[in-house]
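Heads up, the thing below is written out as structure tokens.
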Amino acid sequence: SQAVSAISSGVFSPDDPNRYRDLMNGLYQSDWFMVAADFDSYAACQREVDDVWRNSPDWYARAIRNVARVGWFSSDRTIRQYAKEIWNVPV
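Numbering-wise (this note's numbering), the sequence shown opens with residue 419 and increments by one.
Right, dumping it as structure tokens:
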């Protein structure tokens, strides 16, 4: 992305172009969550979220559907499933 490239190039610190070197090395070498690798995709998705947020009826509808669908993600069900399928311990 342009933002990451700008930081790497030293545009925000012309007096010390290496000021953010450690930060950038961390992003590129220890990026466990793939922030740098997938940043363009993340930014595009965030722009879509911004557009939906500006359309209140659409935002409300999506929020209601989201809440209605989270029942399956209960912590009790998750632990029970992990115990059975991953940890192989009786529940």
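Think of the CB as a built atom: it goes at the ideal place given N, C-alpha and C, for glycine as much as any other residue.
Whether Met442 touches Ser426 by CB criterion (9 Å): In this structure, Met442 sits near Ser426, with a CB-CB distance shorter than 9 Å.
By how many angstroms is the C-alpha of Trp471 removed from the C-alpha of Ala424? C-alpha of Ala424 to C-alpha of Trp471: approximately 28 Å in a straight line.
Report the rounded CA-to-CA distance for Pro432 versus Ala421, giving the unit in angstroms. Taking the straight line from one Cα to the other gives about 15 Å.
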